[in-house]
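J.:
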Amino acid sequence: MFDGKTILITGGTGSFGQKFIGRILKDYNPKKLIVYSRDELKQFDMQQRFNATCMRYFLGDVRDKYRLKTAMSGVDFVVHAAALKQVPAAEYNPMECIKTNIMGAQNVIEACIESNVPKVIALSTDKAANPVNLYGATKLASDKLFVAANNIAGAGGTRFAVVRYGNVVGSRGSVVPFFRDLLAKGDTCLPVTHEEMTRFWITLEQGVEFVIKNFQRMQGGEIFVPKIPSVQIIDLVESMSGKREYKTIGIRPGEKIHEIMVPQEVAHHSYEFDDHFVIAPAILFFDKNVSYSSNKLGEQGRKVDEKFEYHSGTNPHFLSVDELKQLNDLTL
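Numbering (our numbering), first residue to last: 4 to 335.
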């Protein structure tokens, strides 16, 4: 699928971007693989690891539509991974988050349409479902923009889809490396915001594989949600420290006790497949004949119950302490 093609990833120096690029270089032979990001030092460091002849490094911000359009000339696939993601930082700096996550998303959309990019996938988050924090609200707005962009592009234009998943094991700024740093400093009692907290859990490899698969599945307008396990925060503490000893520090600004990826409010236009869910567009779409009960790979789904909700606290699959230990070892 990617052989001989040009792929661009915004925010390409991040955890996802580096894993995605490594996978593409390993399994495909792209014409060009473009990293688009604003941090010159991260790009310099990344060039030491990924220096294949197909690699291109573009300094630029998603807030700059002109620069985006320049970078997207001749591009076949775009993965939009650039975002401001820290929940507390977004609460205290709301307009900066809005500029990147909403206005930047619209810039990506317009640059893709004007550059005739065939397929685009935007990365989302479980925090975009029934959001209670600004970060989640900006990602919900971004999701809506990417879904509606298919109508702007028209029946023969750029196709846009969204991939939504939960916490990524070991990604920068996430809880596993945070706990690991505390333990390395000699802390014996890890901080927990709420002892009943649960989260959806996915590895970087799984996230990358899901995005690649959905470039093959997508028709345009879908929000793809993987079936992934949940974790209890107390089990995570035990898996890392060897004991269920913790100190409760209280929920941070904008934080939830549980997360949702498919809210009940959208169940009436959602479908369940073997390993994922699809939230179909709620709006009248560019092509009335598109059926989201199947996809471009011929996989068949079924409508979920109208009271269905994909919730981290009621998820049928929770990781055990031993399973968490194995996953934590993979991120070392």
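Just so it is clear, CB atoms sit at the ideal spot from N, CA and C, and this is done for glycine as well.
May I have the straight-line CA-CA distance separating Ser323 from Glu113, to the nearest angstrom?
T.: Roughly 44 Å between the two C-alpha positions.
J.: At 4 residues or longer, what runs of the alpha helix (DSSP H) sit wholly inside the region 91-158?
T.: 97-101, 107-117 and 137-156
J.: Quick check on Pro256: buried or exposed, where buried means 16 or more other Cβ atoms within 10 Å of its Cβ?
T.: exposed
J.: Identify the residues that DSSP records as bridge partners of Phe227: which are they?
T.: Answer by DSSP bridge pairing, in chain order: Val166 and Val281.
J.: In whole angstroms, what is the alpha-carbon distance linking Ile27 and Lys35?
T.: 11 Å
J.: Starting from the C-beta of Met221, find all residues in its chain whose C-beta is less than 8 Å away, skip the five residues before and the five after it, and write them out in chain order.
T.: Lys122, Ile124, Arg162, Ala164, Phe227, Asn298 and Lys299
J.: Is there contact here, the region 223-238 with the region 168-176, by at least three beta-carbon pairs under 8 Å?
T.: yes
J.: How long is the line joining the alpha carbons of Phe61 and Lys88, rounded to whole angstroms?
T.: 21 Å
J.: Taking its Cβ as the centre, do 16 or more other Cβ atoms sit within 10 Å of Phe47, making it buried, or is it exposed?
T.: exposed
J.: Does His272 pass the burial test, meaning 16 or more other C-beta atoms within 10 Å, or should it be called exposed?
T.: exposed
J.: Could you tell me the alpha carbon to alpha carbon distance between Ile3 and Gly160, rounded to whole angstroms?
T.: Given that the chain is displayed from residue 4 to residue 335, the structure contains no residue 3 and the question cannot be resolved.
J.: Helix, strand or coil for Tyr69? Go by DSSP, reduced to three states.
T.: helix
J.: Is it buried or exposed for Thr201, if we count other Cβ within 10 angstroms and need 16 for buried?
T.: buried
J.: Are Tyr313 and Ile263 close, meaning C-beta to C-beta below 8 Å?
T.: yes
J.: Closest by CA to Val3, which one among Gly25, Thr13, Leu327 and Gly14?
T.: Here the chain comprises residues numbered 4 to 335, so residue 3 is not present and cannot be evaluated.
J.: Less than 7 Å between C-beta atoms, sequence neighbours within five positions excluded: which residues of the same chain meet that for Glu309?
T.: Ala270 and His271
J.: Which residue from Cys100, Met98 and Gly107 puts its Cα closest to that of Tyr69?
T.: Gly107
J.: Apply the 10 Å Cβ neighbour rule to Leu287 and answer buried if 16 or more other Cβ atoms are within range, or exposed otherwise.
T.: That one is exposed.
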